[in-house]
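Numbering (our numbering), first residue to last: 1009 to 1181.
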C-alpha cells in the first residue's frame, strides 16, 4: 500500500502518518545518546528549519481508540502469520513457490471470513489469497502476477498485466 496505492489513498496516507509519528518519537529518543546523528537526521528531514532536535520536548503519542482490542487482534494475526509462513517454507524449499505471493492459504477459522477481512489477511500474510477452512494448508496459486505490485490476483489475466488497483493509480498519475 505504501508504494503501490495512489498518493491520496487513505490507507497509504495512514501508513505515512504512522511513519511520521515514529520518526518524531525515535529521533527524539535517540538524541541524548546519538547527539550528532540525531541532529543530522533532524536537519536532513527539515532542511529549512532552524530548530534543533535537542530543544524539542519528549513526544506524547496519540491514544489509539480501542487500542487494547486492536493490539489483541494483531497479536492473533502475527501468531497466525507465523504459522502460515512456516507452512509456506517447505514449498519454497521444494521450489513449488518462489515467494509467499505465489501461495494461496487456507487458515483454520472459527467463523467465515468477510471478503474484506480475507483481503486484509492476504496482505498481512503476503500471500495471493486467504480462505477459511479446517486447517492451515498452502497451495500454489493459479492467479497471474501484476506487473506493478507483483501480487497474484484473479483480475490479472496475463503475467505482467496490471491489477485493477494499479490500473487506477497509473491512469490517475
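Idealized CB from N, CA, C, for every residue including glycine.
No experiment lies behind these values; they were computed from the predicted model shown.
| With a Cβ-Cβ cutoff of 9 angstroms, do residue 1112 and residue 1091 count as a contact? | For this step, residue 1112 is matched to residue 104 along the chain shown. For this step, residue 1091 is matched to residue 83 along the chain shown. The answer is no: Cβ separation not under 9 angstroms.
| message | Considering Cα atoms alone, identify which of 1044, 1117, 1034 and 1154 is closest to residue 1065. | response | In the chain shown, the residue the question calls residue 1065 occupies position 57. Here the closest residue by C-alpha is 1034.
| Which one of 1181, 1173, 1179 and 1180 has the shortest CA to CA distance from residue 1019? | Counted from its first residue, the chain shown places residue 1019 at position 11. Of 1181, 1173, 1179 and 1180, the residue nearest in Cα terms is 1173.
| Roughly how many whole angstroms lie between the Cα atoms of residue 1012 and residue 1021? | As a position in the chain shown, residue 1012 is number 4, starting the count at 1. As a position in the chain shown, residue 1021 is number 13, starting the count at 1. Taking the straight line from one Cα to the other gives about 12 angstroms.
| message | Does the region 1025 to 1040 come into contact with the region 1060 to 1075, if we say contact requires no fewer than three beta-carbon pairs (one atom in each stretch) closer than 8 angstroms? | response | yes
| task | Following the continuous alpha helix (DSSP H) through residue 1075, name the residue where it begins and the one where it ends. | result | Here residue 1075 refers to the residue found at position 67 when the chain shown is read from its first residue. Run containing residue 1075: 1075 to 1101, per the alpha helix (DSSP H) assignment.
| request: Please name the residue in 1076, 1093 and 1181 whose C-alpha comes closest to that of residue 1134. | output: Position 126 of the chain shown, counted from the first residue, corresponds to residue 1134. That would be 1093, whose Cα lies nearest to the Cα of residue 1134.
| query | Whole alpha helix (DSSP H) runs in the region 1134 to 1164 with 4 or more residues, listed along the chain? | reply | none
| message | Please state the DSSP three-state secondary structure of residue 1071. | response | Sequence index remark: in the chain shown, residue 1071 carries index 63 (1-based). DSSP places residue 1071 in coil when its eight states are reduced to three.
| Can you round the beta-carbon distance between residue 1141 and residue 1114 to whole angstroms, since I take them to be within the 8 angstroms contact cut? | As a working mapping, residue 1141 is identified with position 133 in the chain shown. As a working mapping, residue 1114 is identified with position 106 in the chain shown. Going by Cβ atoms, the distance from residue 1141 to residue 1114 rounds to 4 angstroms, so yes, they are a contact pair.
| query | The beta strand (DSSP E) spanning residue 1113 covers which residue range? | reply | On the chain shown, residue 1113 is found 105 positions in, with the first residue counted as 1. Residues 1111 to 1116.
| What do you reckon, are the CB atoms on residue 1146 and residue 1154 nearer than 9 angstroms? | As a working note, residue 1146 is residue 138 in the chain shown. As a working note, residue 1154 is residue 146 in the chain shown. The answer is no: Cβ separation not under 9 angstroms.
| field | Own chain partners of residue 1148 with C-beta closer than 8 angstroms, once the 5 adjacent residues on each side are dropped | value | Looking up residue 1148 in the chain shown gives position 140. So the list reads 1099, 1104, 1105, 1110, 1111 and 1112, once near-sequence residues are dropped.
| field | Integer Cβ distance of residue 1159 from residue 1136, believed to fall under 8 angstroms | value | As a working note, residue 1159 is residue 151 in the chain shown. As a working note, residue 1136 is residue 128 in the chain shown. Residue 1159 to residue 1136, Cβ: 7 angstroms. Contact.
| Taking the Cβ atom as the reference point for each residue, do residue 1047 and residue 1060 lie within a distance shorter than 9 angstroms? | Position 39 of the chain shown holds residue 1047. Position 52 of the chain shown holds residue 1060. At a Cβ-Cβ threshold of 9 angstroms, residue 1047 and residue 1060 count as neighbours.
| Among 1070, 1028 and 1107, nearest to residue 1054 - alpha-carbon criterion | One-based indexing of the chain shown puts residue 1054 at position 46. Nearest option by C-alpha distance: 1028.
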